[in-house]
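Here's the structure we're looking at; comments come further down.
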Amino acid sequence: MTEAATAAGPVDSGPTAGERFINGILPENPIYRQLLGMCPTLAVTGGMQPAMTMTGGVLFVLVCANVIVSLIRGLLKPHLRILVFTLTIATFVTIVDRFLAAYMYQMSKQLGPYVPLIIVNCLIISRCEVCASKQSVRVALADAVGQSIGFGLALASIASVREILGSGTWFGMRVLPAAWPEWVIMVLPPGAFITLGLLMGLVNWYVDRRQPSRR
Amino acid sequence: MLSGEVFLAGGVMAVLAVGMSYVLGWANKAFHVEVDPRVEKAEDILPGANCGGCGYVGCREYAEAVVLEAESVTKCTVGGGSVAAQLGELLGVEVEEAWPYRAVVHCGATTTDRLQQHEYRGEPTCSAANLVTGIQGCIYGCLGMGDCVRACSYDAIHVIDGVALIDYDACTGCGACARICPRNIISMVPFKAEQMMVVSCSNKDTGKDVTAVCKVGCIGCNACARVNDLIQIEDGLAGIDYDQYQPETADFSAALDKCPRESLVLVGKPSEKDLAAVADQDLPDRIEADFKTTVDDTEWRG
Amino acid sequence: MEYLGSLILIALGAALINNFVLYYFVGICPFLGVSRRVDMAFGMGCAVTFVISIAAFLSWVFTTFILRPGAPLSNWIWSLVNPGSDTVVDLSILNYLVYIFVIASSVQFVEMYVRKFHPPLYKSFGIFLPLITTNCAILFACLEIMKHVSGVPPAQMWDLGRALTLAIFGGIGFTLAIVLMAGMREELDLCDVPKALRGAGITLIVAGILAMAFMGFTGMDQSLSGLLTG
Amino acid sequence: MRNNYLAQAWLVILLGLCFGGMLAAVESTLSGRIAQNRLDETVDQIPKLVPGATREASTQDEIDGERVFRAENPAGQLGWVISGGGQGFADRIELLVGVDARVREITGVYVLEQKETPGLGNRITEEGFLSQFAGSPAEKELVVVKTGARAANEIDAITGATISSEAVCRIINQTLKRMRGDLVAALDKE
């Protein structure tokens with residue numbers, strides 16, 4: 001692993017591909033630890049199906065964008081680089097949007113405006129800027145897959161809490177007994193904020209408990 | 001049909017890209033603001049912790065001040081001598097000797113030393129406790145509620161049985177504690193030597209009043225001033241002038257013995273003699289203060 | 001009166017009822033990141049309102065004249081290229097590409113302009129501008145305008161007035177939410193929050209309660225529209 | 001001077017060109033399926049909205065600029081399926097209304113799209129509420145009633161979602177008022 005990293009053009013200052021992949025999932029989870037990509041997190045986690053479709057979309061866009069950006073990272077001009085990032089991301093998001101409209105029409109209607117909002121998802125642009133525009137293709141790819149799995153896990157955790165409490169189902173299947181009064185607030189906007197706040201507190205508490213507060 | 005659609009779409013995007021980049025290119029040229037290249041280099045030299053120890057909001061402002069307004073290069077407390085030297089050679093300015101500034105608490109009275117202590121169950125912050133009159137006899141001393149501990153981002157100051165103590169190998173001299181202390185008893189002292197002598201009291205009342213409220217406060221008896229010309233007494237309190245402070249020549253042992261109230265102390269790295277003196281006692285392991293400021297460190301910088 | 005009535009409806013909808021941050025969840029990143037002090041939050045709000053109106057204007061122009069199916073300009077070019085063909089040219093595939101391109105370059109242009117001609121303004125607003133490019137609220141406003149312009153029968157198509165009203169009042173709604181949040185967060189620093197919830201956790205919970213309060217507005221436009229349209 | 005602006009940005013222009021072209025290619029391959037999806041969504045509902053009509057026999061028509069479906073079976077035309085939309089409680093509501101040939105009676109209603117409050121407003125999509133419309137008169141204004149509907153044109157509101165129920169009835173009334181004349185005229189023209 002290490003010799004591949006050193007041979008990757010400019011001295012590879014960041015962690016190697018393997019480390020970036022593992023980092024993306026839990027230690028640097030994009031939502032709980034880096035607080036990135038909050039807009040779709042709150043909006044689509046009303047149920048598990050939209051959440052997982054969004055994760056698939058983000059995975060496809062992040063992987064393609066990271067690969068393309070790291071391929072052309074040598075030609076980037078500093079003051080035009082944001083323009084280039086957004087152009088590539090917008091193209092792949094349009095492809096995902098059209099694909100969803102063609103093959104999963106119901107899901108595309110349910111997600112509505114939040115599929116194109118992947119373009120301004122702070123997670124993707126920050127991964128492009130931090131990792132892809134400096135590292136080799138292999139490292140960028142590993143980082144992209146790791147981050148999107150982390151993003152997917154976080155989305156799944158929020159969506160399952162909100163769907164089970166909000167509509168008593170999980171992935172559409174009935175989970176809670178019909179007698180359970182559904183907490184409609186969970187599916188509404190305030191429920192999203194409060195669920196994410198509490199889950200974030202849980203994660204912070206768990207991480208602090210595992211290692212004493214290292215300063 | 002397909003090829004037509006592809007060319008039209010590509011063409012529209014190309015025309016838009018040409019238009020926008022032309023506008024941006026022109027704007028880049030027309031709106032160019034001359035930035036002194038030295039400011040960039042100065043900013044790279046500075047540690048970039050934006051701690052405000054130099055009195056400026058962040059390293060960027062201090063870099064601009066140093067380059068444009070010829071500010072003195074030794075103000076970066078965290079960077080200390082090395083940063084000052086690099087800045088000096090960048091700007092071709094000769095650098096006078098720069099000492100790292102460290103914080104010193106001018107109060108040494110632990111809870112047992114304080115008299116007329118009243119029970120206080122109000123807001124547990126110094127700034128709130130400071131407003132309550134008569135919370136403790138001495139109106140100058142440390143309140144011990146830990147505002148300074150919360151302000152310090154290097155975990156270098158802890159309140160240990162009632163009084164703030166500084167851990168000098170962690171302290172970077174950023175001055176956050178000195179700014180936050182509502183009673184202003186923390187001052188920044190240039191550490192010309194590993195171990196410095198300081199006055200660990202800030203009570204300006206007459207001797208009789210000091211002894212009524214504190215067992216260790218300085219009563220302004222002039223014993224130390226007679227022995228050591230560096231110390232002089234102003235309005236009932238011993239004060240040390242740190243500009244003429246020559247660590248090599250000055251001999252402090254005389255003043256230390258003379259002081260009847262233990263308000264003259266040595267702070268900084270303990271010398272071998274001190275370590276030998278306490279070698280036999282078992283020292284408590286490092287005290288982990290877990291005060292965290294509410295919103296600061298989880299902030300997303302964007 | 002009819003036109004003004006619909007403007008008021010859109011304005012109220014964007015500012016209070018369907019608040020961009022609290023109902024549509026767009027613009028959460030700056031909402032959590034920047035709302036630590038009221039003046040910073042207000043600065044951010046004004047910067048967003050300013051940029052959102054420029055973006056809305058440009059996106060309305062592009063959508064109506066180029067990107068809409070059967071848009072006048074693209075049809076005219078198409079008829080030049082191969083005269084006589086009556087196919088309706090639909091470039092709505094380029095929507096997202098053009099919007100994000102317009103937003104990014106207008107933010108860059110505004111940043112350079114403000115840095116050159118208003119340095120003090122740049123010192124206070126400057127740090128927000130790159131942050132705004134990745135702000136979902138701006139793109140969301142463009143998407144709302146697209147929904148009402150492209151692919152809608154010409155009778156119900158939005159004109160520039162409605163588009164700008166949505167943008168400006170959307171920005172005002174964003175500013176309102178972020179300033180309210182900043183006020184609450186300044187109070188939060190004084191009370192002792194459980195250690196795990198410090199930082200983003202407590203902010204989200206407080207935002208949830210704020211969203212609950214804003215939910216009180218839903219349905220208001222229903223009775224208002226009855227009032228206005230008589 | 002001019003070319004160095006473009007020289008710096010040649011990458012952006014190149015990207016714009018090839019991404020635009022790529023998207024157009026994607027558009028032409030997928031746009032067929034998307035249009036088909038939208039059409040299927042409506043056509044699938046025709047048999048349910050107008051009892052007896054079949055999917056295959058029904059045809060699409062254009063009456064004063066609005067897309068309308070003739071609900072037919074091999075024997076002949078049984079009725080119409082028309083679409084309408086309006087402002088609901090939270091956001092727009094899109095409906096499909098099935099009426100008989102002479103537009104005298106509503107045969108069925110289907111909610112295409114709505115974003116009403118979950119658990120309350122979105123119960124307008126349930127059979128219980130929608131089945132009330134089948135058989136109600138098309139000429140008379142539909143009225144929402146809270147206490148047990150007696151007359152044909154009275155509809156029971158969903159408890160806790162009166163605004164959504166009223167919105168649905170209002171949209172149906174407007175759509176019928178707008179389209180009734182033209183539909184009957186189109187039928188007589190044949």
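Residue numbers (this note's numbering), protein chains in the order written: chain A, 1 to 215; chain B, 1 to 302; chain C, 1 to 230; chain D, 1 to 190. The beta-carbon is built from N, C-alpha and C at its ideal position, and this holds for glycine as well. Keep in mind it's a predicted model, so treat the numbers as computed, not measured.
Amino acids of chain B, ordered along the chain, whose beta-carbon sits closer than 8 angstroms to that of residue i
i             : result
S53 (chain C) : Ordered by position in chain B, no residue passes the 8 angstroms Cβ test against S53 (chain C), which lies about 18 angstroms from the chain.
6 angstroms Cβ shell around residue i - same chain, five flanking residues per side excluded
i              : result
T53 (chain A)  : M107
F140 (chain C) : V26
N66 (chain A)  : A132, A140, A144
E154 (chain D) : V143, V145
Beta-carbon gap between residue i and residue j smaller than 8 angstroms
i              : j              : result
T88 (chain A)  : A104 (chain C) : no
G163 (chain D) : G13 (chain C)  : In the sequence under discussion, the amino acid at residue 163 (chain D) is Ile, which differs from the Gly named in the question. No, the Cβ-Cβ distance between I163 (chain D) and G13 (chain C) is not below 8 angstroms.
L230 (chain B) : K204 (chain B) : no
A128 (chain B) : L87 (chain B)  : no
V184 (chain A) : G119 (chain D) : yes
I149 (chain A) : I31 (chain A)  : no
Y245 (chain B) : S202 (chain B) : no
L210 (chain C) : M181 (chain C) : yes
A109 (chain B) : I166 (chain B) : no
G78 (chain C)  : I145 (chain C) : Checking the sequence shown, residue 78 (chain C) turns out to be Trp, not Gly. No; because the gap between Cβ atoms is not below 8 angstroms, this pair is not in contact.
G217 (chain B) : C138 (chain B) : yes
Residues near residue i by beta carbon distance below 7 angstroms, same chain, minus five either side
i              : result
N73 (chain D)  : G52, A53, T54, A57
L76 (chain A)  : V84, S133
C259 (chain B) : A223, C224
H118 (chain B) : G134, I135, Q136
V295 (chain B) : Caution is warranted here: a pLDDT of 48 is assigned to V295 (chain B), below 50, making its placement in the model unreliable, and the coordinate value is therefore given only provisionally. Cβ within range, chain order: n/a, list empty.
Cut-off 8 angstroms between Cβ atoms - residues of its own chain near residue i, not counting five sequence neighbours on either side
i              : result
L100 (chain A) : T53, G57, M107, S108, L111, V115
V175 (chain A) : I164, G168, T169
Interface flag, residue i vs chain D, CB-CB below 8 angstroms
i             : result
A9 (chain B)  : yes
I95 (chain A) : yes
A30 (chain B) : no
V44 (chain A) : no
Partners in chain A for residue i, counting only beta-carbon separations shorter than 9 angstroms
i              : result
T133 (chain C) : I82, T86, V120, I125
Cutoff 8 angstroms: residue i Cβ touching any chain B Cβ
i              : result
R115 (chain C) : yes
I34 (chain D)  : no
V89 (chain C)  : yes
S105 (chain C) : yes
Residue i: contacting residues in chain D (beta-carbon distance under 9 angstroms)
i              : result
P153 (chain C) : G65, E66
A14 (chain B)  : I13, L14, G16, L17, G20
Test: residue i CB closer than 8 angstroms to a CB of chain C
i              : result
M145 (chain B) : no
P30 (chain A)  : no
R214 (chain A) : Residue placement at R214 (chain A) is poorly supported in this model, since its pLDDT is 45, which falls under 50; the coordinates are not used for a value here.
E94 (chain D)  : no
P78 (chain A)  : no
A90 (chain A)  : yes
A151 (chain D) : no
A90 (chain D)  : yes
Chain C contact residues for residue i, given Cβ-Cβ distances below 7 angstroms
i              : result
F191 (chain D) : With chain D covering only 1 through 190, there is no way to say anything about residue 191 (chain D).
V33 (chain B)  : R115, K116
Per-residue contacts from residue i into chain D (C-beta, under 7 angstroms)
i             : result
L94 (chain C) : G20, L23
Cβ of residue i within 8 angstroms of any chain A Cβ
i             : result
F62 (chain C) : no
V26 (chain D) : yes
C29 (chain C) : yes
F50 (chain C) : no
Continuous beta strand (DSSP E) stretch holding residue i: start and end
i             : result
L22 (chain C) : First-last for L22 (chain C): undefined, no H or E at that position.
G84 (chain D) : 77-87
Where the alpha helix (DSSP H) through residue i begins and ends
i              : result
R70 (chain D)  : Counting along the chain, R70 (chain D) falls outside any alpha helix (DSSP H), though it belongs to the beta strand (DSSP E) covering 66-72.
Q110 (chain A) : 105-111
I34 (chain D)  : 10-43
L275 (chain B) : 272-277
Proximal residues of chain B, C-beta to C-beta of residue i below 7 angstroms
i             : result
V12 (chain D) : A17, S21
Where residue i meets chain A, residues with beta-carbon distance less than 8 angstroms
i             : result
G16 (chain D) : L87
Contact list for residue i against chain D, beta-carbon separation under 8 angstroms
i              : result
E182 (chain A) : G119
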